[in-house]
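The numbering of the sequence shown is full-length UniProt numbering, which starts it at 1 and goes up by one. Beta carbons: idealized from backbone N, C-alpha and C, even for Gly. Reviewing the structure listed below.
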Amino acid sequence: LSLHYTSAVSSNAAEETPWPTDSLTDSPGSNEIFKTCGQPEIQRTLKRIYGGAKTTAGKHPWMASLQIKTSETSRHFCGGVLIKACWVLTAGHCTGQRAENLQVALGKQDLMKRERHEQIFDVEKIIVHSKYRERNGVPHNDIALLKLKPVDGHCAVETKYVKTACLPNFFFPDHTACFISGWGETETG
């Protein structure tokens with residue numbers, strides 16, 4: 001089994017905090033300014049796998065790996081998207097852990113090894129949509145925010161491997177082709 005980053009076309013848990021209605025702000029003293037969003041510097045894609053394509057480091061620099069901290073290492077369990085230097089957008093169903101048990105890895109491609117360009121942050125706060133519910137196994141309002149804990153006074157720093165995603169201020173028309181990205185198996189056996 002090999003896990004690689006891919007892309008394709010087509011309490012004991014988080015506290016229930018009111019969903020922020022104003023602009024997200026980063027921590028005081030955090031003056032991280034990202035010059036670009038949604039524009040990778042790396043364009044290369046490898047062979048197609050499971051209906052998608054194996055990607056290269058930096059191809060989707062806004063992707064975040066949510067990880068459970070263990071005594072010796074950490075384990076990826078969900079994905080997210082960096083939307084501001086100190087904020088990651090993820091699914092509400094990914095927040096069943098306490099913030100102190102989580103970390104976020106940015107700039108990663110291969111989850112099985114440490115990479116020189118990765119940035120690792122503890123999670124300071126989890127905000128789950130106030131109307132997040134699961135009915136008959138189907139999640140509703142399945143969205144959450146993770147506030148990253150700054151390291152040496154800074155959250156994410158823009159590099160060619162770490163960038164924010166652009167958030168649209170409009171709705172896409174039905175049937176708009178989009179890209180999805182995440183980590184998954186690239187081979188069997």
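- Task: Locate the beta strand (DSSP E) running through residue 88, then write down its first and last residues.
- Result: Position 88 of the sequence shown holds residue 88. Start and end: 87-90.
- Query: Which first and last residues belong to the beta strand (DSSP E) in which residue 83 is found?
  - Reply: What you label residue 83 is simply residue 83 of the sequence shown in a count that begins at 1. Boundaries of the beta strand (DSSP E) harbouring residue 83: 74-84, taken from the DSSP string.
- Buried or exposed: residue 57, going by 16 or more other Cβ atoms within 10 Å of its Cβ? Here residue 57 corresponds to residue number 57 of the sequence shown, with the count starting at 1. Looking at its Cβ environment, which holds 16 or more other Cβ atoms inside 10 Å, residue 57 is buried.
- Query: Apart from the five residues on each side of it in sequence, which residues of its chain come closer than 6 Å, Cβ to Cβ, to residue 79?
  - Reply: Along the sequence shown, one-based indexing puts residue 79 at 79. Within the same chain, residue 79 has close Cβ partners 182.
- Does the separation of the CB atoms of residue 164 and residue 83 fall below 8 Å? Position 164 of the sequence shown, counted from the first residue, corresponds to residue 164. Position 83 of the sequence shown, counted from the first residue, corresponds to residue 83. In contact: residue 164 and residue 83 (Cβ atoms closer than 8 Å).
- Task: My understanding is that residue 144 touches residue 127, with C-beta atoms under 8 Å, so please give their C-beta distance in whole angstroms.
- Result: As a working mapping, residue 144 is identified with position 144 in the sequence shown. As a working mapping, residue 127 is identified with position 127 in the sequence shown. Distance from residue 144 to residue 127 at the Cβ level is roughly 6 Å; contact confirmed, criterion being Cβ atoms closer than 8 Å.
- Query: Do residue 89 and residue 121 have their C-beta atoms within less than 8 Å of each other?
  - Reply: Translated into positions along the sequence shown, residue 89 becomes position 89. Translated into positions along the sequence shown, residue 121 becomes position 121. In this structure, residue 89 keeps its C-beta atom at 8 Å or more from the C-beta atom of residue 121.
- Are there 16 or more other CB atoms within 10 angstroms of the CB of residue 176, so buried, or fewer, so exposed? Taking the sequence shown and counting its residues from 1, one reaches residue 176 at position 176. Classification of residue 176: exposed, given that the 10 Å Cβ count is below 16.
- Can you check DSSP and say which residues form a bridge with residue 37? Working through the sequence shown from its first residue, we reach residue 37 at position 37. In the DSSP assignment, residue 37 forms a beta bridge with 164.
- Where does residue 158 fall in DSSP's three states? As a first step, residue 158 is located in the sequence shown; it is residue number 158 there, counting from the start. Correct three-state label for residue 158: coil.
- Task: State the start and end residues of the unbroken beta strand (DSSP E) segment that holds residue 130.
- Result: On the sequence shown, residue 130 is found 130 positions in, with the first residue counted as 1. For residue 130, no beta strand (DSSP E) segment is defined, and its DSSP state is neither H nor E.
- Alpha-carbon spacing of residue 131 relative to residue 139, whole angstroms: For the purposes of this step, residue 131 is taken as the residue at position 131 of the sequence shown. For the purposes of this step, residue 139 is taken as the residue at position 139 of the sequence shown. Just so you know, the alpha carbons of residue 131 and residue 139 end up roughly 10 Å apart.
- 8 Å Cβ cutoff met for residue 129 and residue 92: Within the sequence shown, residue 129 is the residue found at index 129, counting from 1. Within the sequence shown, residue 92 is the residue found at index 92, counting from 1. In contact: residue 129 and residue 92 (Cβ atoms closer than 8 Å).
- Count the other C-beta atoms from every protein chain shown that fall within 10 angstroms of the C-beta of residue 66, then say buried if there are 16 or more, exposed otherwise. Counting from one through the sequence shown, the residue named residue 66 turns up at place 66. It counts as buried.
- Query: By Cβ distance, which residues of its chain are closer than 6 Å to residue 107, with the 5 residues on each side in sequence left out?
  - Reply: Your numbering for residue 107 matches position 107 in the sequence shown. Excluding positions up to five away in sequence, the list reads 117, 118, 119, 161 and 162.
- Message: Report the start-end ranges of each beta strand (DSSP E) in the segment 87-118 that is 3 residues or longer and not cut off at the edges.
- Response: Counting only runs of 3 or more, we get 87-90 and 102-106.
- Query: Which residues in the same chain have their Cβ closer than 7 Å to the Cβ of residue 166, if we skip the five residues on either side of it in sequence?
  - Reply: Position 166 of the sequence shown, counted from the first residue, corresponds to residue 166. So the list reads 37 and 38, once near-sequence residues are dropped.
- When the Cα atoms are used, what is the spatial distance from residue 136 to residue 142? By one-based count along the sequence shown, residue 136 stands at place 136. By one-based count along the sequence shown, residue 142 stands at place 142. When rounded, the separation of the alpha-carbon atoms in residue 136 and residue 142 is 14 Å.
- Looking at the structure shown, is residue 122 part of a helix, part of a strand, or coil, going by DSSP? Reading the sequence shown from its first residue, position 122 is the one you call residue 122. It is a strand residue.
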